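Engineer:
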Amino acid sequence: MRREFVEHFYNGKEAWKREFFFFTRMRGIVVTFLFTIILTIITTTGAPWWFESFPSWSIPFHYLAGGVFLFVGLMLTYGFYYLRERSRRSLDMKYILHEIADFARNKQTELYESPSAPIKLKGLSQEASSLIKRYFETLIPKHDIQIAIRILSETEEGEKKYITIARTDGFHKERQKTTEPLDPEQGLAKLLRHKEGNRGVIIINDLQKAANFGLYTKFKNDENYGSDFKTMIVAPLNGWDGSKKDMIGILYVTSKETTVFSEKHADSLGFAADIIAKVFSATIREKGLPFIKEEENEK
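Per the working numbering, residue 1267 is the first one in the sequence shown, and the count goes up by one each step.
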């Protein structure tokens, strides 16, 4: 399937129409069934007249039976192994999703129990990003998944910017020293704040093309540490910014490989984004927007 350099999906429930290969779609299942019926009829009623032009041969019964048993045995072995791995993966994913929900509930409870206690947004964000990384590493294994979070903050001049507040360990360590804020009217922030963009998720398959069209902003870190990732899927963190509903952050899931993310991952990222957005929104409601200078000092 041809991939665009930037893709926008509201949800993933229609992904099967584009991503399932022929034999797992209904037409493929029907063809397989009909082919099986035809072969069964041929083998039980004798070869058709047009088979007479082909050379004849005979296979000893024990060879034929052995081949059938071997084929069926190998198919069953593979099927049971695949079922085992899928079942374990499914259970692991559900467990981590439960942990993400527990994390959000516990942080909100702590906030409401002790509203005067200081909250380090950086630590909270780092914990959230680690949980989301575990989930996506289970969902999409062996693709070097990393997570980053930008949060809406205020400058000393009163301007609002999105700053990178958390990154998982796979990013270059020097990034935090040269990180730059993202203006609400720049690149992904502008795209996601649009009335259509703030629904669903955005997948960027070609960062350079996206930058050429103004859909992605390249900073110094992109030039200096370009090998950190080649593709990403992002979702807005929508919530209360202290005075109104707004995009209070951006959740990034990246990979060093290309064409890793697709429509079927839209709901997984959307769920994670909505869960942690509740925590950030509750924190901002109680504490107000963080200041960029304060957050940089936490580093």
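Cβ atoms here follow ideal geometry from the backbone N, Cα and C, with glycine treated the same way. The structure presented is a predicted model; accordingly, all values stated were derived computationally and were not measured.
(1) With distances taken from CA atoms, which of Ser1528, Thr1549, Lys1408, Arg1400 is nearest Glu1270?
(2) Quick check: what's the CA-CA separation for Asp1512 versus Glu1423?
(3) Using 8 angstroms as the Cβ pair cut-off and three pairs as the minimum, do the region 1431–1442 and the region 1454–1463 touch?
(4) Is Tyr1518 helix, strand or coil when you go by DSSP?
(5) With H, G and I counted as helix, E and B as strand and the rest as coil, what does DSSP make of Gln1392?
(6) Assuming Phe1275 is part of the beta strand (DSSP E), what are its boundary residues?
(7) Less than 8 angstroms between the beta carbons of Ile1385 and Thr1549, yes or no?
(8) Would you say the region 1467–1483 touches the region 1503–1510, given that touching needs at least three Cβ pairs under 8 angstroms?
(9) Note down, one range per segment and in chain order, each alpha helix (DSSP H) of at least 4 residues found wholly within the region 1435–1480.
(10) State yes or no: is the C-beta of Leu1387 within less than 8 angstroms of the C-beta of Ile1431?
(11) Check whether the Cβ atoms of Leu1517 and Ser1419 lie closer than 8 angstroms to each other.
(12) Here's the rule I'm using: 16 or more other beta-carbon atoms within 10 Å means buried, otherwise exposed. How should Lys1486 be labelled?
(13) Consult DSSP for Asp1533 and reduce its assignment to one of helix, strand or coil.
(14) Could you tell me the alpha carbon to alpha carbon distance between Ser1353 and Lys1553, rounded to whole angstroms?
(15) Tell me the rounded alpha-carbon separation between Glu1564 and Phe1557.
(16) Would you mind sorting Arg1400 into buried or exposed? The rule is 16 or more other CB atoms within 10 Å of its CB.
(17) List the residues that DSSP assigns as beta-bridge partners of Gly1332.
(18) Check Val1500 in the structure and name its three-state DSSP category.
(19) Expressed to the nearest angstrom, what Euclidean distance is found between the alpha-carbon atoms of Ile1417 and Arg1268?
Structural biologist: From the atom records:
(1) Ser1528
(2) 20 angstroms
(3) no
(4) strand
(5) helix
(6) 1272–1275
(7) yes
(8) no
(9) 1453–1459, 1473–1478
(10) yes
(11) no
(12) exposed
(13) helix
(14) 42 angstroms
(15) Caution applies to Glu1564, whose pLDDT of 41 falls short of 50 and renders its modelled position unreliable; the value that the coordinates give is listed next. Taking the straight line joining both Cα atoms gives about 11 angstroms.
(16) buried
(17) Note: Gly1332 sits in no beta bridge, so no partner.
(18) strand
(19) 33 angstroms
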